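Here the structure is laid out as structure tokens; the discussion comes afterwards.
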Amino acid sequence: MNGNAINNVPVEKGKIIPKVTCQKDQSLSYSLYLPNDYTTAHKFPVIIAFDPHSNGILPLEKYKSLADKYGYILMGSNDSKNGQDMNITESIIDALVSETTGRYAIDQDRIYVMGFSGGARVAAILGFYQGGVAGVIGCGAGLPATNQPVRFKPDYISIVGNADFNMNELINLDKQLDQANYIHALILFNGKHDWPPAEIMEDAFVWNEFCSMRKGLIQKKDSMILGFVNSREKNYQ
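In my numbering, the protein residues as written are 9 to 245.
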């Protein structure tokens, strides 16, 4: 356990901290997971997650094993939820992004956002309209309805169940992103409108790693590439 404290909350790696108060706005908070190998000796990528019902701990519980395997910090908003005024949503986003600077050992070139359903649209606001993130993982929904022009081109991967009522929306969005020359991918899995299971979400973590290798942000990991190729070959045998 690290001897430091964040707003009187122990900083403990390998354990979900349910509530950490945002420094910029102490009325807002998030759940936090630092991977088992977390240290201040080097920088870690971070994924900020948005649940449609302000359940910040839920995506951390589902994906903490992936955070440990791939070395990611996870943050889940305890405030963002469906039906909020856009000004409130933007305040939540601003407070969370502020947490990525100075407070933890975070690689500023590898800040990612992730969301499910309405939370996916919140993640897209940050990725496509506000900028400052390397990639977006959108689950069960696409971009928000807005008249604003898209300003940024983050790497984008969408995940949706084949029984999800938003499946066609994400299939159409994938085609649009292809026409606009985005780096993008779409994962369809057997499931309904829900956060995807960890074994499906793992491909999004691998996607982030591959995109970072392509950009030269991290060293090429031959074993990861070979493992991914071999797993796909087995699936098609």
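Cβ coordinates follow ideal geometry from the N, Cα and C atoms, glycine included. Keep in mind that this is a model prediction, so the values were computed, not measured.
Locate the alpha helix (DSSP H) running through Leu82, then write down its first and last residues.
The residue you call residue 82 lines up with position 74 of the sequence shown. Counted as a single uninterrupted DSSP element, the stretch harbouring Leu82 is not any alpha helix (DSSP H) but the beta strand (DSSP E) occupying residues 81 to 85.
DSSP on Ser88, reduced to helix/strand/coil?
Working through the sequence shown from its first residue, we reach residue 88 at position 80. Ser88: coil per DSSP, three-state reduction.
For the candidate residues Asp33, Arg222, Phe136, Gln92, whose alpha-carbon lies nearest to that of Pro60?
Taking the first residue of the sequence shown as position 1, residue 60 is located at position 52. It is Gln92 whose Cα lies nearest to the Cα of Pro60.
Give me whichever residues DSSP pairs with Val158 in a beta bridge.
As a position in the sequence shown, residue 158 is number 150, starting the count at 1. Paired residue(s): none; Val158 is not in a bridge.
Out of Cys30, Gly224, Leu196, which one is the CA nearest neighbour of Phe173?
Position 165 of the sequence shown, counting from 1, holds the residue named residue 173. Checking every option, the nearest Cα to that of Phe173 belongs to Leu196.
Using three-state DSSP, classify Tyr71 as helix, strand or coil.
Taking the first residue of the sequence shown as 1, we reach residue 71 at position 63. In the structure shown, Tyr71 sits in a helix (DSSP, three-state: H, G or I).
May I have the straight-line CA-CA distance separating Tyr46 from Asn180, to the nearest angstrom?
Here the question's residue 46 lines up with position 38 in the sequence shown. Here the question's residue 180 lines up with position 172 in the sequence shown. C-alpha separation (whole angstroms): 39 Å.
Considering only the beta carbon of each residue, do Leu104 and Arg129 sit closer than 9 Å?
In the sequence shown, counting from the first residue as 1, residue 104 sits at position 96. In the sequence shown, counting from the first residue as 1, residue 129 sits at position 121. No. Outside cutoff.
For Ser166, which of helix, strand or coil comes out of DSSP?
Here residue 166 is taken as the residue at index 158 of the sequence shown, counted from 1. Residue state, collapsed to three classes: strand.
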